[in-house]
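Taken in order, these protein sequences are the chains called A and B. For the first sequence, counting from 1, position 252 maps to 345 in the working numbering; every step adds exactly one. For the second sequence, counting from 1, position 143 maps to 297 in the working numbering; every step adds exactly one. Glycine included, C-beta positions come from ideal geometry on N, C-alpha and C. Structure first, then comments.
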Amino acid sequence: MRVRTLAVALLAGGLALTACGKEGGPGDTGAPSQQVAADVKVDGSPTFDKIKSRGRVVIGVKEDQPGLGYKDPTSGKFTGFDIEIAKLVAAKLGYGDDKIDFKAIPSAGREQALINGDVDYYVGTYTINAKRKEQVAFAGPYFTAGQSLLVKKDDSAITGKDSLKGKKVCSVTGSTPIQKVKSEGLTEPENIVELQTYSLCVEQLEQGTVDAVTTDDAILKGYASQSPDTLKVVGEPFSNEPYGIGLPKDDKALRDKVNDILQAALDGGEWQAAYDATLGKSGSTTDKPVLERY
Amino acid sequence: MDVLLDNLDLYGPGFLNTVELFLISAVGSLVLGTILAMLRVAPVPVMRAMGATYVTLVRNTPLTLVFFFFALAFPLLEIVSADTFGGSAASYYFSAALMALTLYTSAFVCEVVRSGINTVPVGQAEASRALGLTFGQMLTSVVLPQATRAVVPPMVSTMIALLKNTTIAAGFSVFQAGSISANLSERGENQLIGLLWVAVFFIVLVIPMTLLQRSLEKRWSIAR
Numbered sequence: 094m095r096v097r098t099l100a101v102a103l104l105a106g107g108l109a110l111t112a113c114g115k116e117g118g119p120g121d122t123g124a125p126s127q128q129v130a131a132d133v134k135v136d137g138s139p140t141f142d143k144i145k146s147r148g149r150v151v152i153g154v155k156e157d158q159p160g161l162g163y164k165d166p167t168s169g170k171f172t173g174f175d176i177e178i179a180k181l182v183a184a185k186l187g188y189g190d191d192k193i194d195f196k197a198i199p200s201a202g203r204e205q206a207l208i209n210g211d212v213d214y215y216v217g218t219y220t221i222n223a224k225r226k227e228q229v230a231f232a233g234p235y236f237t238a239g240q241s242l243l244v245k246k247d248d249s250a251i252t253g254k255d256s257l258k259g260k261k262v263c264s265v266t267g268s269t270p271i272q273k274v275k276s277e278g279l280t281e282p283e284n285i286v287e288l289q290t291y292s293l294c295v296e297q298l299e300q301g302t303v304d305a306v307t308t309d310d311a312i313l314k315g316y317a318s319q320s321p322d323t324l325k326v327v328g329e330p331f332s333n334e335p336y337g338i339g340l341p342k343d344d345k346a347l348r349d350k351v352n353d354i355l356q357a358a359l360d361g362g363e364w365q366a367a368y369d370a371t372l373g374k375s376g377s378t379t380d381k382p383v384l385e386r387y
Numbered sequence: 155m156d157v158l159l160d161n162l163d164l165y166g167p168g169f170l171n172t173v174e175l176f177l178i179s180a181v182g183s184l185v186l187g188t189i190l191a192m193l194r195v196a197p198v199p200v201m202r203a204m205g206a207t208y209v210t211l212v213r214n215t216p217l218t219l220v221f222f223f224f225a226l227a228f229p230l231l232e233i234v235s236a237d238t239f240g241g242s243a244a245s246y247y248f249s250a251a252l253m254a255l256t257l258y259t260s261a262f263v264c265e266v267v268r269s270g271i272n273t274v275p276v277g278q279a280e281a282s283r284a285l286g287l288t289f290g291q292m293l294t295s296v297v298l299p300q301a302t303r304a305v306v307p308p309m310v311s312t313m314i315a316l317l318k319n320t321t322i323a324a325g326f327s328v329f330q331a332g333s334i335s336a337n338l339s340e341r342g343e344n345q346l347i348g349l350l351w352v353a354v355f356f357i358v359l360v361i362p363m364t365l366l367q368r369s370l371e372k373r374w375s376i377a378r
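So this is what it looks like as C-alpha cells:
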C-alpha cells in the first residue's frame with residue numbers, strides 16, 4: 094500500500110515538473126516565423142521518404158556558437174542564423190517548428206552522422222569543400238564566411254594574420270582554421286592551443302591565457318556581439334568559407350529541392366530577415382551568397 | 155589503407171606523443187601510487203588519513219575534470235608561473251596532461267598495491283618486526299616485494315587504462331592519438347576507417363603489455 098502511494102506521488106510530481114518545463118516561456122527571440130508548406134513532394138529522395146514516414150525532421154546543428162547555432166542552457170532552445178536556415182528549409186519541406194528535432198553534433202562527427210542517417214540534414218558552419226563532397230553532399234552555400242581573429246578589446250598589437258608571431262592562438266582541436274595557422278606558419282607551433290570548443294578558447298582569451306582566437310568571422314562576430322565591451326574581431330578575413338547544408342551523398346533530389354528553397358529565400362526576403370534577426374544584430378552586413386549547384 | 159598512408163604525418167607523431175605521455179605518467183604514477191599505499195598502511199593515523207583522503211578525492215573525480223582543472227583552472231591560481239613549464243603553450247599543456255594523468259592514476263595504483271599488501275600474511279610483518287626491522291625496512295624488503303608479485307594482473311590493467319586515458323588530452327591542446335580523428339574529419343577523410351586504424355595501433359601498444367604481464371606472472375609465481 095505504501096509503495097503504491099509513493100509511486101502515485103512520484104508520478105504526479107514528475108508530471109507537474111515536465112508540465113512546467115514544456116511551456117514556451119517568454120524567451121522567444123522575435124525571429125521570423127515560417128510559412129509551413131503543405132503537400133511537399135520530393136520524388137526519388139530516400140531521405141525525404143524517411144522524414145515522411147517518421148513524421149518529424151531531424152536536423153544536425155551546432156550548440157555552442159552564439160549567433161549561428163546556440164542552445165540556451167536554461168530553456169534548451171536553439172537560436173542563431175544556422176538554426177533559422179534549418180527551420181526555413183524544414184518549413185518549405187512541410188515541417189513546422191513543432192516537428193523539428195535538433196541534434197547537436199560537433200564538427201568532427203558531421204560526416205559520420207550524415208552517412209549513418211542520424212540526421213536528415215546538417216546546418217552548422219559546414220564549409221563546402223571538394224574532399225568533403227566525396228562523403229556527403231552540399232546544398233548552398235547559404236552564407237560565406239572567412240577566417241578572422243578575435244582579440245581582447247584593448248589589444249592593439251594584433252591587427253591581422255601577419256601580426257600573430259609570438260602570440261598564443263587558440264582554436265578547436267584539428268579544425269580547419271588551426272590547420273591553416275600551422276601550415277602557413279602564422280605563429281610558432283608551440284604557441285598553438287587546441288581546445289575542445291570555441292567557447293573554451295574565448296574563455297581562455299578573456300582570462301588572458303591566450304592572445305587570439307581564430308576561426309570563421311561569423312562565429313567570432315557571434316562572440317564579439319555577446320561581450321562587446323571586452324572582445325573585438327580584427328583584420329580582414331583571410332580565407333573563403335562557403336557554408337553549405339550537408340546532405341546524404343547520393344540524394345540529388347533532396348539537394349536540388351533544398352537549393353530551390355534557398356534560392357527562393359534569397360530572392361524573397363526570408364534570407365535577409367533570418368540574417369537581420371541573428372548575425373545582423375552585431376551591426377555588420379554581408380553579401381548574399383551565390384548558389385553553387387552541381 | 156589509404157587513410158593511413160595519406161595521413162602518416164598525423165598517425166606518426168600522434169602515437170609517439172601518446173607513448174611519451176604514457177611512459178612518463180606510468181613511471182610517475184607507479185612511484186606516487188606506491189608511496190600513497192605506504193601512507194595508507196602506515197602506523198601513524200595522520201598519514202593513513204592523508205592517504206585515504208587523497209584516494210577518495212581523486213578516485214571519485216572524473217578524469218576529464220582533473221584535466222580541466224590542470225589545463226584551464228590551475229593557471230588562474232598562480233601558484234607557479236607558466237615559465238616553470240618552459241613558457242610556451244605547448245609545454246604548459248603537455249605538463250598539465252602529465253600532472254592530471256599521474257595524479258589520477260596514482261590513486262588507482264595505490265589501491266592495487268594496498269590490495270597486494272593485504273595478501274601478505276600478517277606473520278611476515280610480525281616476524282620482521284621481531285627481527286628488529288623498522289617500519290620502512292619491513293615494507294621495502296619484506297612486504298612490498300611479496301605484494302608486488304600478487305598484483306601483476308590488476309596493475310597491468312591499470313596501466314592499460316592509463317594508456318587509453320591519455321586520449322582525453324586531445325581536448326586540452328596535447329596532440330596525440332586522440333586528436334587524430336578530429337584532424338581527419340577536417341581533411342575530409344573517412345573517419346570510421348581512420349578510427350579503426352587508431353584502434354589497431356592501440357592493440358599493437360597493448361599486446362606487449364599483456365605479454366609482459368604473462369611473463370612476470372610466470373617468473374614471479376610462488377607456491378603458497
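Buried or exposed (CB count within 10 angstroms, at least 16 for buried), A/V182: buried
List the residues of chain A that B/P167 touches, going by C-beta distances under 9 Å, in chain order. Per Cβ cutoff of 9 Å: no residues; B/P167 is ~11 Å from chain A at best.
Quickly, what does DSSP pair A/C263 with across the bridge? List them, please. A/V286, A/V306
List, in order along the chain, the chain A residues whose C-beta lies closer than 7 Å to that of B/A324? Contacts between B/A324 and chain A, judged by CB atoms closer than 7 Å, involve T266 in chain order.
Give the DSSP bridge partners of A/V229, in chain order. A/P341
Taking only beta-carbon atoms, is B/Q345 less than 8 Å away from chain A? So, interface residue.
Quick one: Cα of B/M155 to Cα of B/D163, how far? Looking at the two C-alpha atoms, the distance is approximately 14 Å.
Distance, Cα to Cα, A/D248 vs A/G301? Roughly 11 Å separates the two Cα atoms.
Please confirm whether B/G342 and A/K224 have their CB atoms less than 8 Å apart. Closer than 8 Å, so yes.
Please tell me whether B/Y247 and B/S327 are closer than 8 Å, where the distance is taken between their beta carbons. yes
Identify the continuous alpha helix (DSSP H) that holds B/V257 and give its terminal residues. Per the sequence shown, the amino acid found at residue 257 of chain B is Leu instead of Val. Counting along the chain, the unbroken alpha helix (DSSP H) around B/L257 starts and ends at 243-273.
With a cut-off of 8 Å, does the C-beta of B/T250 fall near any C-beta of chain A? It is Ala, not Thr, that sits at residue 250 of chain B in the sequence shown. When Cβ-Cβ separations below 8 Å define contact, B/A250 makes no contact with chain A.
Backbone secondary structure at B/F326 - three-state DSSP: In this structure, B/F326 counts as strand in the three-state DSSP scheme.
Quick one: which residues of the stretch 274-287 of chain A get their C-beta closer than 9 Å to a C-beta of chain B? List them in chain order. E281, P282, E283, N284, I285, V286, E287
To the nearest angstrom, report how far apart B/N161 and A/C263 are at their CA atoms. 23 Å
Which residues, in chain order, does the stretch 225-237 of chain A contribute to contact with chain B at a C-beta distance below 7 Å? R225, E227, Q228
What residues of chain A sit near B/E340, judged by a beta carbon separation below 7 Å? Neighbours of B/E340 on chain A, chain order: G267, S268, T269, Q272.
Neighbour list for B/N319 in chain A, Cβ cutoff strictly below 7 Å: Those within 7 Å of B/N319 in chain A number zero; the least Cβ separation is about 16 Å.
DSSP-derived helix/strand/coil call for B/E174: helix
Would you mind giving the Cβ-Cβ distance between A/I198 and A/G153, rounded to the nearest angstrom? I have them listed as a contact below 8 Å. 5 Å
Hey, is A/Q128's beta-carbon within less than 8 Å of any beta-carbon in chain B? no
Residues within the stretch 168-198 of chain B neighbouring chain A, beta-carbon criterion of under 9 Å: Flagged: no residues at all.
Rounded C-alpha distance that separates A/C113 from A/T167: Legend: pLDDT at A/C113 = 46, less than 50; position of this residue unreliable, no value from coordinates given.
Between A/L359 and B/V173, what straight-line distance do the alpha-carbon atoms span, to the nearest angstrom? Taking the straight line joining both Cα atoms gives about 52 Å.
At the level of alpha carbons, what is the spacing between B/S295 and B/T302? 11 Å
Could you tell me which chain B residues have their CB closer than 9 Å to the CB of A/K261, listed as they occur along the chain? S242, A243
Which chain B residues sit within Cβ distance under 9 Å of A/N222? G342
If A/D165 sits next to A/T290, beta carbons under 8 Å apart, how far is it from one beta carbon to the other, in whole angstroms? No, A/D165 and A/T290 are not in contact; Cβ-Cβ is about 16 Å, not under 8 Å.
Could you round the C-beta distance between A/V151 and A/V212 to whole angstroms and report it? I think they count as a contact, below 8 Å. 5 Å
Spatial neighbours of B/S260 within its chain, please: C-beta separation below 7 Å, excluding the five flanking residues on both sides. Excluding the 5 residues flanking it on each side, B/S260 has same chain C-beta neighbours closer than 7 Å at S183, L186, G187, L190, in chain order.
Whole beta strand (DSSP E) elements within the stretch 141-186 of chain A, 3-residue minimum: 150-154, 162-164
Would B/A254 count as contacting chain A if we go by Cβ distances under 8 Å? Under the Cβ criterion of 8 Å, B/A254 is not counted among the residues facing chain A.
Nearest-angstrom Cβ-Cβ length linking B/V305 and B/V266, presumed shorter than 8 Å: 5 Å
Just to confirm, is the Cβ distance from B/V157 to B/G332 under 8 Å? When the beta-carbon positions are compared, B/V157 and B/G332 stay at least 8 Å from each other.
If A/A184 sits next to A/Q127, beta carbons under 8 Å apart, how far is it from one beta carbon to the other, in whole angstroms? 3 Å
Considering A/Q240, what are the terminal residues of the beta strand (DSSP E) in which it resides? 240-245
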